[in-house]
Amino acid sequence: EDLEVASVREIGRLLRFHGQFQPAGTNVNFISVVDRQNLKIRTYERGVEAETLACGTGSVAACLVASARGLVDSPTRVETRSGEKLLVYYCRAGAGFSEVFLEGDAKIVYEGAIVPEFLS
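Structure follows, in structure tokens:
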């Protein structure tokens with residue numbers, strides 16, 4: 618199915634709460650392999666209980682699974698729902714992986730203050 622029209626909320630919610638993943642549940646990643654260096658990803662995130670704009674751990678997991686299936690090579694660029702592109706580096710080590718790194722922009726998205734009297 619085309620990633621742009623995938624029913625991320627509906628299918629993601631069904632899989633997130635599937636009995637196999639209980640009691641904690643799981644995030645659900647939908648991926649599309651563009652070519653050997655590029656993936657697109659959409660993620661239904663537990664706790665958020667909706668699609669999230671980017672998920673670093675999901676992006677890394679998607680790259681490792683796609684690599685294990687022989688679909689992509691390191692480094693792999695991952696385009697998230699927000700349009701941001703993450704870069705995932707990894708080394709195949711037999712049936713596993715080593716030296717796994719995630720690279721992407723770091724941005725301040727919120728600033729706040731803790732009022733000491735509210736802590737007691």
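Heads up, this note's numbering is the position in the sequence shown plus 617, with the first residue counted as 1.
All residues carry an ideal CB built from backbone N, CA and C; glycine is no exception.
If you're wondering where the values come from, they're calculated on a predicted model, not measured in any experiment.
Check	Outcome
What did DSSP end up calling residue 693 once you bin it into helix, strand or coil?	strand
Suppose you measure from the CA of residue 696 to the CA of residue 702; what does that come to, to the nearest Å?	4 Å
Under a three-way DSSP split, which group does residue 713 fall into?	strand
Residue 648: buried (16+ other C-beta within 10 angstroms of its C-beta) or exposed?	buried
Based on the DSSP secondary-structure assignment, which residues constitute the bridge partners of residue 648?	658
Using beta-carbon positions only, say whether residue 677 and residue 651 come within less than 8 Å of one another.	no
In chain order, what residues of the same chain lie with their CB nearer than 7 Å to the CB of residue 642, ignoring the 5 residues before and after it?	633, 634 and 663
If you draw a straight line from the C-alpha of residue 644 to the C-alpha of residue 737, how long is it?	34 Å
Return the first residue and the last residue of the beta strand (DSSP E) that residue 669 is part of.	667-669
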